[in-house]
Structure formats: C-alpha cells, structure tokens
Amino acid sequence: MTTPTAVALEDAKVAFRLGDGRVYTAVEKAHLTVAQGEFVAIVGPTGCGKSTLLNVAAGLLKPAAGSVRIFDRPLAGLNRDAGYLFQADALFPWKTALDNVAIGLEIKGTPRTDALPRAQKWLTSVGLGAFASRYPHMLSGGQRKRVALAQVLIRDPKILLMDEPFGPLDAQTRQVMGNLLLDLWSADRKAVLFVTHDLEEAIALADRVVIMSAGPSSRIIGDWRVNLPRPRDIFEVRLDKEFHALHREIWSVLKDEVMKGYAQSTHAAEAI
Amino acid sequence: MSRPTLLALQILVAVVCIVLWQVLSTVPVFGKILLPPFFFSNPFDVFSQIVKWFSSGVIWKHLGITLAESILAFVIGSLGGVLVGFWFARQPLVAAVFDPYVKMVNALPRVVLAPIFALWLGLGIWSKVALGVTLVFFIVFFNVYQGVKEVSRTVLDNGRMLGMSERQLMQHVYWPSALSWMFSSLHTSVGFAVVGAVVGEYLGSAAGLGYLIQQAEGVFDVAGVFAGMFVLSAFVILIDYGVTLVERRLLVWRPTASDGRG
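Protein sequences, first through last, are from chains A and B. For the first sequence, position 133 matches number 133 in UniProt numbering, and the numbering has no gaps at all. For the second sequence, position 165 matches number 165 in UniProt numbering, and the numbering has no gaps at all.
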C-alpha cells in the first residue's frame with residue numbers, strides 16, 4: 001500500500017541575491033517528503049532556512065534548483081492545495097473575526113449568505129463563537145491565532161503549512177493551541193508541514209521530526225519517526241518515557257547545530 | 001479630570017479673554033485705552049454684528065457658498081488623490097517619472113495659484129474649488145500612495161495564499177489599507193478644503209465668508225472682521241465635529257491609543 005505523497009521537495013536549493021550582488025544560499029539540496037495525512041515538523045536553529053523551505057512548498061519562493069512536487073505534479077506558481085498559517089499577524093485588520101474567516105470562502109465565490117454561517121461554525125470550533133464581531137485588535141494574540149487557523153481551515157486545504165504559528169504566544173497558550181490543532185487535525189488528517197524552533201513542541205505534535213543544520217547552505221541532517229500513540233495530549237505526552245528518549249536522541253544532534261548557528265549569528269553581528 | 005470640570009475650565013478661559021478684551025477696549029487704564037477700538041473693536045460690537053447677520057439672514061447665503069465650495073473641493077480633491085495615489089503606487093515607473101514634478105507642484109504656495117484660477121475660472125465658486133482641490137489633492141494623494149505601498153507583506157501573502165486574484169487583493173487588501181490612511185488624514189484634508197475656499201473668496205469673489213471678511217476690512221470695519229473670524233471658527237469646529245463622527249463610524253476596526261492591547 002502506498003499513500004500518495006502530498007509534498008515532495010527534491011534536491012531543492014534556495015538562494016537569494018544580496019544587495020551587493022553576492023548570492024546567499026539559504027538551503028542546499030533539501031530532500032523532504034510529506035505523505036498524505038502525515039504531520040511533519042521541521043526543527044532547526046534560528047536562521048537555518050526552515051521558513052524558506054516552507055515558502056518553497058507554498059510557492060511563495062521559487063527554488064534555484066531542484067523540484068517541488070505537490071501530489072506528484074510539479075508546482076507552478078502558488079500552491080493552491082495548501083493553507084498557510086503565518087508566524088506574524090496575517091489577519092485583515094479591517095475585517096471582523098467572522099469576516100476574516102468567511103473571506104476564505106467568499107474568494108472562491110461562495111455567496112456571503114452561505115459563507116457567514118459556516119464561518120460562525122468554524123469560529124465556534126476554535127472556541128471563539130462569542131467573538132465573531134470583534135476586530136483583530138480587540139483579540140489577544142492567542143485568539144488571533146485561533147481566527148487565523150479557522151480562516152485557513154474553512155477552505156479545507158489538502159496541505160497545511162505552518163510557520164512557527166505559535167511562536168509569538170506564551171508557553172501555556174502554545175500548549176492549548178497545540179492541543180486544539182491536534183484535535184482539528186485528527187478529524188480529517190491533512191498533510192501538515194510544521195516549522196518550529198521548539199523541539200518539544202515538534203515531538204509532541206508530529207509523526208516525523210526533521211532536523212536542519214545551521215545556515216547558510218543548511219541541509220536536512222536528520223529525520224526521526226515519532227511513534228507516540230495518538231490521540232495525544234500535549235500536556236501528558238511530555239511525561240512519557242519514550243518522549244524523553246527521543247528528545248535526548250534528537251537534541252544530541254540539534255545541540256551542535258544550535259551552537260553553530262549561535263556562533264555564526266554573533267560573528268555576523270561583529271562583522272557589521 | 002471629570003468632564004464637567006474640564007468644560008467649566010474651558011468656558012472660563014473664553015470668559016476671561018472676552019472680559020479682558022471688553023475692559024481693556026472701553027475702560028482707560030492710567031488715562032489710556034490699551035486696545036484702541038479702531039484697531040480692536042470690542043466684544044459687544046462684534047457680538048451684535050454676528051447677531052445682526054444671523055437675524056437678517058444674510059449670513060446663510062455666505063455660509064452656504066463657503067460650505068458648497070469646501071465640499072466640492074474635498075470631494076474632487078479626494079477622488080483625484082485616491083485615483084492618482086493608487087495608480088502611482090501600483091506603477092513604480094510612473095511614480096518615479098513624475099516624482100520631481102509632484103514635489104515641485106506641492107512645494108508651490110497655493111495662494112499664488114489663486115489669480116490664475118480666477119482668470120481661468122472666473123470669480124464664481126469654481127476658482128475657489130480649484131484652489132481647495134490643489135490643497136486637498138496632495139494630502140490625500142500622499143496618504144493613499146503610502147497606504148498602498150505599506151500594506152503589510154504578511155497580510156498580502158496571506159491574501160495570496162487564501163487564493164485571492166489581483167482584483168480581489170485590490171478589493172480586500174489594498175483598497176481598505178489605502179482608505180484607512182486617507183481617513184486618518186481626514187481632519188487635515190477637510191480643514192484645507194475650507195482654507196482653500198476662504199482664501200479664494202478673500203482674494204476675489206462676490207460671496208462667502210472670506211468675501212465678508214474682506215469687505216469689512218475694506219471699510220476698516222474691525223468688528224466685522226472679527227465677527228467674520230468667529231463665524232468662520234465656529235463653522236470649522238462644526239465641520240470638524242462632523243468629520244469625527246464619520247471617522248468613528250468608518251475606523252471602528254482601528255486600535256485607539258487608549259486601547260491597552262495592541
């Protein structure tokens with residue numbers, strides 16, 4: 001039995017032209033696949049190009065070399081099968097929570113009268129049923145993330161791309177959001193590519209954890225399968241023995257990269 | 001400070017000023033009147049002049065004309081500013097080509113344009129509208145230009161990832177962003193529309209508040225000049241209040257300074 005591959009990056013290389021004409025290679029020869037229904041987390045030190053890789057999968061960035069295949073078809077332009085959850089606030093500040101969620105459907109041509117009740121349902125399922133008429137600035141950071149999640153999920157994308165979505169939140173809110181994400185995900189098991197710098201979060205959420213080396217020219221240097229049983233509870237799973245063993249194993253690899261990445265970033269700062 | 005106290009203090013300032021003015025312009029201090037009535041008139045005369053204007057009804061015609069000119073200047077200037085601002089922001093080449101000329105025209109004191117407009121458009125309301133338009137246009141233009149250019153990268157990417165076409169991006173992202181910048185300059189642009197109208201009237205017209213002040217000045221009727229100024233101030237305050245109401249309605253989604261959560 002072979003499950004179709006949702007996302008496949010083959011030897012993807014991403015490079016940027018710097019202001020002074022030099023070329024900066026962010027990611028080199030990245031090989032990464034996400035099967036249908038699989039939850040893959042990418043972990044790496046700051047500045048290793050993990051968000052860059054995500055943007056390549058989204059079609060927001062074109063790889064300099066290599067190929068991107070989505071459901072076995074080469075990706076041209078934006079990835080129309082994917083929903084993208086951004087790290088920064090990406091809600092439309094001039095729309096209410098309800099309109100922000102409904103817009104995902106309205107774009108597709110769903111009449112507003114159909115879109116609004118469905119948006120209300122989604123708001124309820126992320127726990128914000130009573131906040132439909134609030135504007136983003138009236139919501140807390142965690143609530144804004146919930147709206148953003150509903151905004152992406154209402155379109156029912158086959159692939160979910162998440163760029164440190166819970167990064168700006170406090171530790172408790174992150175865990176609550178993690179559980180919410182797992183709950184919603186388990187309903188229909190989309191393919192998920194989840195970028196984070198938090199190894200614990202990655203292991204707790206994902207089926208596979210992929211480690212990237214420190215940039216520039218970072219590569220994928222490790223790929224672990226997480227065999228913790230589902231459904232998981234993020235609070236509970238952290239106490240699991242297997243969780244600790246896996247964490248220790250991955251951390252032994254990641255630690256060196258984190259130190260390298262840290263050294264490089266301080267060097268860069270000194271050079272400036 | 002509570003609202004009534006604040007209001008009381010605000011009124012107190014007005015009362016003190018008016019009483020000082022009245023006393024200094026009528027009662028001699030050490031045998032000398034400090035504010036000679038010829039140059040300063042006195043509050044009583046100014047007030048009776050205002051009452052006379054309103055009771056005879058002459059003022060309405062002038063107010064109406066100034067209001068019409070201001071509204072026309074605001075509407076035409078805003079429309080032009082929004083369209084050109086949008087166009088320039090979406091076409092960087094056009095913006096780059098026209099940049100020096102835009103700066104040149106904007107640096108020009110608009111008063112020098114008044115005689116030209118009077119020649120071209122006559123002494124009726126249109127020469128005043130044109131003057132107001134040149135003021136309003138640039139304020140709205142710069143704000144819309146900035147608003148479209150400074151749309152958050154993330155919000156834009158989010159729109160794209162949600163599947164928006166260029167037209168939908170325009171409607172749901174660029175347009176609201178530009179409008180919010182335009183509305184944030186609403187007080188200034190409405191104020192300038194009034195300035196354009198009144199200055200235009202002052203420099204040559206047959207009606208309007210500017211005309212009224214200019215006429216009074218022509219016959220050294222200082223009470224008339226002051227009366228015109230007071231009516232004008234009240235007029236501007238009323239318009240500004242109207243703008244505040246509109247703004248509150250349109251910018252509900254914006255965080256206010258007093259809002260703790262950013």
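We put the CB at the ideal spot given by N, CA and C, even for glycine.
Checklist entry - Is the CB-CB distance between A/Phe16 and B/Thr154 below 7 Å? => result In this structure, B/Thr154 does not lie closer than 7 Å to A/Phe16 by Cβ.
Checklist entry - Which residue spans inside the stretch 112–142 of chain B form an unbroken alpha helix (DSSP H) run of at least 4? => result Secondary structure within the stretch 112–142 of chain B: the alpha helix (DSSP H) runs of 4 or more consecutive residues, fully enclosed, are 114–121 (chain order).
Checklist entry - chain A partners of B/His82, CB-CB under 9 Å? => result The sequence shown places Val at residue 82 of chain B, not His. Per Cβ cutoff of 9 Å: no residues; B/Val82 is ~16 Å from chain A at best.
Item to check | Partners in chain A for B/Val255, counting only beta-carbon separations shorter than 7 Å | outcome: Just to set this straight, residue 255 of chain B is Pro in the shown sequence, not Val. The contacting residues are His137.
Checklist entry - Below 7 Å between beta carbons: does that hold for B/Tyr174 and B/Phe88? => result Between B/Tyr174 and B/Phe88, the C-beta spacing is not below 7 Å.
Checklist entry - Under three-state DSSP, which class holds B/Ile59? => result Secondary structure at B/Ile59: helix, using DSSP grouped into helix, strand and coil.
Checklist entry - Along chain A, which residues have their Cβ under 7 Å away from the Cβ of B/His62? => result From the beta-carbon of B/His62, no residue of chain A is found nearer than 7 Å; the closest lies around 40 Å away.
Checklist entry - What are the start and end residues of each continuous beta strand (DSSP E) run of 3 or more residues lying completely inside the stretch 207–264 of chain A, in chain order? => result Counting whole runs of 3 or more residues, the stretch 207–264 of chain A contains the beta strand (DSSP E) stretches 208–212 and 220–225.
Next on the checklist: Under DSSP, the alpha helix (DSSP H) around B/Arg248 begins and ends at which residues?
Outcome noted: Val222 to Leu250 is the span of the alpha helix (DSSP H), which, as asked, contains B/Arg248.
Item to check | Start and end residues, beta strand (DSSP E) containing A/Leu160 | outcome: For A/Leu160, the uninterrupted beta strand (DSSP E) run begins and ends at Ile159 to Asp163, by DSSP.
Next on the checklist: To test your reading of the DSSP string, which unbroken alpha helix (DSSP H) runs of 4 or more residues are found completely within the stretch 112–138 of chain A?
Outcome noted: If we require 4 residues or more, the alpha helix (DSSP H) runs fully inside the stretch 112–138 of chain A come out as 112–125.
Item to check | Neighbour list for B/Arg160 in chain A, Cβ cutoff strictly below 8 Å | outcome: Simply Leu60 and Leu78.
Checklist entry - Hey, B/Val129 and B/Leu72 are a contact pair by Cβ (cut 8 Å); roughly how many whole angstroms apart? => result The distance from the Cβ of B/Val129 to that of B/Leu72 is about 5 Å, consistent with a contact at the 8 Å cut-off.
Item to check | chain B within 7 Å of A/Gly104, Cβ atoms only | outcome: True, the Cβ-Cβ gap to chain B drops below 7 Å.
Item to check | Cβ of A/Leu85 within 7 Å of any chain B Cβ | outcome: So, not an interface residue.
Next on the checklist: Taking the alpha carbon of A/Leu160 as the reference point, which residue from A/Ala148, A/Asp170 and A/Pro168 has its own alpha carbon closest?
Outcome noted: The candidate whose alpha carbon is nearest that of A/Leu160 is A/Ala148.
Next on the checklist: When you compare the CB of B/Ser258 with every CB in chain A, is at least one pair closer than 7 Å?
Outcome noted: Confidence in B/Ser258 is poor, its pLDDT being 48 and thus under 50, which makes the residue's placement unreliable; the coordinate value appears in the next sentence. Not closer than 7 Å to any Cβ of chain A, the Cβ of B/Ser258 fails to qualify, so no.
Checklist entry - Under the rule that 16 or more other beta-carbon atoms within 10 Å means buried, what is A/Ile203, buried or exposed? => result Flag for A/Ile203 reads buried.
Item to check | Residues within the stretch 175–204 of chain B neighbouring chain A, beta-carbon criterion of under 9 Å | outcome: Cβ contacts with chain A come from Pro176, Ser177, Leu179 and Ser180.
Next on the checklist: For the beta strand (DSSP E) containing B/His172, name the first residue and the last one.
Outcome noted: No beta strand (DSSP E) contains B/His172, which DSSP labels as neither H nor E.
Checklist entry - So is B/Asn158 buried or exposed if we call it buried at 16+ other beta carbons inside 10 Å? => result By the Cβ neighbour-count rule, B/Asn158 is buried, with 16 or more other Cβ atoms within 10 Å of its own.
Checklist entry - Is the CB-CB distance between A/Pro63 and A/Val56 below 7 Å? => result Yes, the pair counts as a contact, with Cβ atoms nearer than the cut-off.
Next on the checklist: Could you compute how far the alpha carbon of A/Arg219 sits from the alpha carbon of A/Leu228?
Outcome noted: C-alpha separation (whole angstroms): 26 Å.
Checklist entry - So, does the CB of A/Ala88 fall closer than 7 Å to a CB anywhere in chain B? => result True, the Cβ-Cβ gap to chain B drops below 7 Å.
Checklist entry - Anyone know if the C-beta pair for A/Gly261 and A/Ala214 falls short of 7 Å? => result Their beta carbons are under 7 Å apart, which means A/Gly261 touches A/Ala214 by this criterion.
Checklist entry - Roughly how many angstroms separate the alpha carbons of B/Phe141 and B/Gly80, rounded to a whole number? => result Distance from the CA atom of B/Phe141 to the CA atom of B/Gly80, rounded to whole angstroms, is 8 Å.
Checklist entry - Any beta-carbon of chain A closer than 7 Å to the one on B/Gln171? => result B/Gln171 does not count as touching chain A.
Item to check | Whether B/Pro43 touches B/Ile18 by CB criterion (7 Å) | outcome: In contact: B/Pro43 and B/Ile18 (Cβ atoms closer than 7 Å).
Item to check | Buried versus exposed, by CB contacts within 10 Å (16 or more), A/Asp163 | outcome: With 16 or more Cβ atoms within 10 Å of its Cβ, A/Asp163 is classed as buried.
Next on the checklist: Below 7 Å on C-beta distance, what does A/Trp94 contact in chain B?
Outcome noted: Close to A/Trp94, with beta-carbon spacing below 7 Å, are these residues of chain B in chain order: Pro176, Ser180 and Trp253.
Item to check | Inter-residue Cα distance where the pair is A/Thr33 and B/Leu156 | outcome: Counting only the Cα atoms, B/Leu156 lies some 28 Å from A/Thr33.
Item to check | Outcome for A/His31 when other beta-carbon atoms lying within 10 angstroms are tallied against a minimum of 16 | outcome: A/His31 is exposed by the Cβ-count criterion.
Checklist entry - What does B/Gly163 touch in chain A if you count any residue whose Cβ is under 9 Å from its own? => result Residues of chain A with a Cβ closer than 9 Å to the Cβ of B/Gly163 are, in chain order, Leu78, Arg80, Gly104, Ile107, Lys108 and Arg155.
Checklist entry - Are any of the Cβ atoms in chain A nearer than 7 Å to that of B/Gln168? => result Yes, its Cβ sits closer than 7 Å to a Cβ of chain A.
Next on the checklist: Could you compute how far the alpha carbon of A/Arg189 sits from the alpha carbon of A/Gly37?
Outcome noted: Rounded to the nearest angstrom, the gap between the Cα atoms of A/Arg189 and A/Gly37 is 5 Å.
Checklist entry - Could you check where the alpha helix (DSSP H) with A/Asp188 kicks off and where it finishes? => result For A/Asp188, the uninterrupted alpha helix (DSSP H) segment begins and ends at Ala171 to Asp188.
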